[in-house]
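Here the sequence shown is numbered in the working numbering, starting from 7 and rising by one per residue.
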Amino acid sequence: MSNVGALLLCRARPESVAPAAHLLRDRMLLAPAGDVWSVLLPEGRPWLDGEPVDRVLTGWATALAVGAPWPVLALWWDADRAGFTLASGFRRPVGYVWLANGTPAAEDEAMRTFADRLGLDPVLDVRDLDPLTKPDPGTDARARLRTLIAVLTRAGVALPEGITPGEPVDRLREAAHALPDARPAEWPGRREAVRAELDAVGSRHRGPSPPWSGTPRARALDLAQVAAGLPLTAWGLRRRSGGWTAAGALLLAHGAVGLAYDLVWPWD
Numbered sequence: 007m008s009n010v011g012a013l014l015l016c017r018a019r020p021e022s023v024a025p026a027a028h029l030l031r032d033r034m035l036l037a038p039a040g041d042v043w044s045v046l047l048p049e050g051r052p053w054l055d056g057e058p059v060d061r062v063l064t065g066w067a068t069a070l071a072v073g074a075p076w077p078v079l080a081l082w083w084d085a086d087r088a089g090f091t092l093a094s095g096f097r098r099p100v101g102y103v104w105l106a107n108g109t110p111a112a113e114d115e116a117m118r119t120f121a122d123r124l125g126l127d128p129v130l131d132v133r134d135l136d137p138l139t140k141p142d143p144g145t146d147a148r149a150r151l152r153t154l155i156a157v158l159t160r161a162g163v164a165l166p167e168g169i170t171p172g173e174p175v176d177r178l179r180e181a182a183h184a185l186p187d188a189r190p191a192e193w194p195g196r197r198e199a200v201r202a203e204l205d206a207v208g209s210r211h212r213g214p215s216p217p218w219s220g221t222p223r224a225r226a227l228d229l230a231q232v233a234a235g236l237p238l239t240a241w242g243l244r245r246r247s248g249g250w251t252a253a254g255a256l257l258l259a260h261g262a263v264g265l266a267y268d269l270v271w272p273w274d
């Protein structure tokens with residue numbers, strides 16, 4: 007299935023992304039993609055085993071973004087379609103799809119919601135994204151993804167050399183291996199992983215936004231993560247969906263660490 011591929015863009019540095027990415031249970035290469043962005047290139051075992059790539063990537067993006075103070079953008083493509091999914095916290099993921107010939111197959115409002123959640127310029131960037139929602143006989147789906155990335159360069163995205171959406175996975179991974187700062191998304195060790203997780207939770211609980219952080223509502227969010235993670239993990243296991251199983255597992259992990267954070271550093 008060389009015509010199937012995907013990559014994940016996280017608005018965080020590699021050292022913050024690696025512990026969570028390891029839990030997705032797919033071999034991934036991790037590299038910087040700008041000053042505050044990282045790119046993950048998965049090997050793709052789930053879709054090599056027949057699971058739809060869009061469903062896998064939606065689950066993975068949701069898993070990475072849940073409880074983290076940064077959003078995750080998943081780009082995917084196969085023989086029939088290409089598209090993206092943006093996940094951020096507990097909000098419902100938003101995405102867009104094009105048929106292989108570039109025909110839009112989603113609502114225009116989804117593109118505007120995407121721009122708003124990433125904090126893109128509501129005039130200049132939205133103006134440049136708007137053509138992606140219109141028919142263009144000379145532009146196929148993979149070219150649409152490349153145009154999307156070109157717009158996101160103004161938001162700080164800088165894909166490494168050779169990492170181009172739409173290329174076969176083998177070619178992407180070969181290019182990634184040649185990068186001097188690429189590395190496997192491996193478990194960094196228990197102490198480093200816990201520190202990274204506590205930093206993320208602490209940012210959510212103690213940071214300047216949202217304004218209710220550190221209140222009982224923050225603890226309610228942690229409980230909600232645990233409550234949502236249990237059935238989602240069970241559902242993913244029943245469906246043999248690696249993406250959604252990982253999402254449920256990370257919900258459980260983020261919620262549990264958040265509750266532990268409150269116990270160790272209680273608010274007055």
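Cβ atoms here follow ideal geometry from the backbone N, Cα and C, with glycine treated the same way.
Return the chain-ordered list of same chain residues with a C-beta closer than 8 Å to the C-beta of L35, the five sequence neighbours on each side being excluded. Along the sequence shown, read from residue 1 onward, the residue named residue 35 stands at position 29. Correct list, in chain order: L46, L47, R179, A182, H183, A188, R189, P190 and A191.
Nearest to R150 (by Cα), restricted to the options L79, G89 and V100: As a position in the sequence shown, residue 150 is number 144, starting the count at 1. When only C-alpha atoms are compared, the closest one is G89.
Please report the straight-line C-alpha distance between L29 and A74, rounded to a whole angstrom. Indexing the sequence shown from 1 puts residue 29 at position 23. Indexing the sequence shown from 1 puts residue 74 at position 68. Cα to Cα, the separation comes out at about 14 Å.
Report the option in T153, D127 and G125 whose CA atom is closest to the CA atom of L138. Counting from one through the sequence shown, the residue named residue 138 turns up at place 132. Measuring from the Cα of L138, the nearest candidate turns out to be T153.
From the DSSP secondary-structure annotation, give me the bridge partner or partners of R87. Translated into the one-based positions of the sequence shown, residue 87 becomes position 81. L105, per the DSSP bridge assignment.
Does R17 pass the burial test, meaning 16 or more other C-beta atoms within 10 Å, or should it be called exposed? As a first step, residue 17 is located in the sequence shown; it is residue number 11 there, counting from the start. The residue in question, R17, is buried, as its Cβ has 16 or more Cβ neighbours within 10 Å.
For R87 and D146, I'd like the C-alpha separation in whole angstroms. Your numbering for residue 87 matches position 81 in the sequence shown. Your numbering for residue 146 matches position 140 in the sequence shown. Separation of R87 and D146 (C-alpha to C-alpha, rounded to the nearest whole angstrom) is 9 Å.
Limits of the unbroken beta strand (DSSP E) element including S44: As a first step, residue 44 is located in the sequence shown; it is residue number 38 there, counting from the start. Residues S44 to P48.
Apply the 10 Å Cβ neighbour rule to L130 and answer buried if 16 or more other Cβ atoms are within range, or exposed otherwise. Taking the first residue of the sequence shown as 1, we reach residue 130 at position 124. With fewer than 16 Cβ atoms within 10 Å of its Cβ, L130 is classed as exposed.
Based on the DSSP output, what are the partners of P190 in its beta bridges? Looking up residue 190 in the sequence shown gives position 184. Per DSSP, L35.
Taking C-beta to C-beta, are W82 and D60 nearer than 8 Å? The sequence position of residue 82 within the sequence shown is 76, counting from 1. The sequence position of residue 60 within the sequence shown is 54, counting from 1. A distance below 8 Å separates the beta carbons of W82 and D60.
A1 by DSSP, collapsed to three states: which one? The structure shown does not extend to residue 1, since the chain spans only 7 to 274, so no value can be given for it.
According to the neighbour-count rule (16 or more other Cβ atoms, all chains shown, within 10 Å of its Cβ), is L54 buried or exposed? Here residue 54 is taken as the residue at index 48 of the sequence shown, counted from 1. With fewer than 16 Cβ atoms within 10 Å of its Cβ, L54 is classed as exposed.
Quick check: what's the CA-CA separation for G50 versus G168? For the purposes of this step, residue 50 is taken as the residue at position 44 of the sequence shown. For the purposes of this step, residue 168 is taken as the residue at position 162 of the sequence shown. Put simply, the backbone Cα of G50 is about 18 Å away from that of G168.
Check the C-beta distance from V132 over to L124 and give it rounded, since I have them as a contact under 8 Å. Taking the first residue of the sequence shown as 1, we reach residue 132 at position 126. Taking the first residue of the sequence shown as 1, we reach residue 124 at position 118. About 11 Å separates the two Cβ atoms, so there is no contact after all.
Three-state secondary structure (DSSP) of A27: The residue labelled residue 27 in the question sits at position 21 within the sequence shown. Correct three-state label for A27: helix.
Pull up the CB-CB distance for M117 and L135, whole angstroms please, since I reckon it's below 8 Å. Taking the first residue of the sequence shown as position 1, residue 117 is located at position 111. Taking the first residue of the sequence shown as position 1, residue 135 is located at position 129. Their Cβ separation, rounded to whole angstroms, is 5 Å, which keeps M117 and L135 in contact under 8 Å.
Since L4 is in the alpha helix (DSSP H), which residue starts that stretch and which ends it? The structure shown does not extend to residue 4, since the chain is modelled only from 7 through 274, so no value can be given for it.
Cutoff 7 Å; reference G162; Cβ partners in own chain excluding five residues on either side: Residue 162 sits at position 156 when you count from the first residue of the sequence shown. Within the same chain, G162 has close Cβ partners G40, D41, V42 and W43.
CB contact flag (G11, E173, <8 Å): As a first step, residue 11 is located in the sequence shown; it is residue number 5 there, counting from the start. As a first step, residue 173 is located in the sequence shown; it is residue number 167 there, counting from the start. Yes, they are a contact pair.
What's the gap between the Cα of P25 and the Cα of P171? Mapped onto the sequence shown, residue 25 falls at position 19. Mapped onto the sequence shown, residue 171 falls at position 165. If you draw a straight line from the Cα of P25 to the Cα of P171, it comes to about 24 Å.
Answer with buried or exposed for R148, where buried requires no fewer than 16 other C-beta atoms within 10 angstroms of its C-beta. Here the question's residue 148 lines up with position 142 in the sequence shown. By the neighbour-count rule (16 or more Cβ atoms within 10 Å), R148 is buried.
Selection from R33, A121 and N107 that minimises the alpha carbon distance to R160: The residue labelled residue 160 in the question sits at position 154 within the sequence shown. Closest in C-alpha terms to R160, from the list R33, A121 and N107, comes A121.
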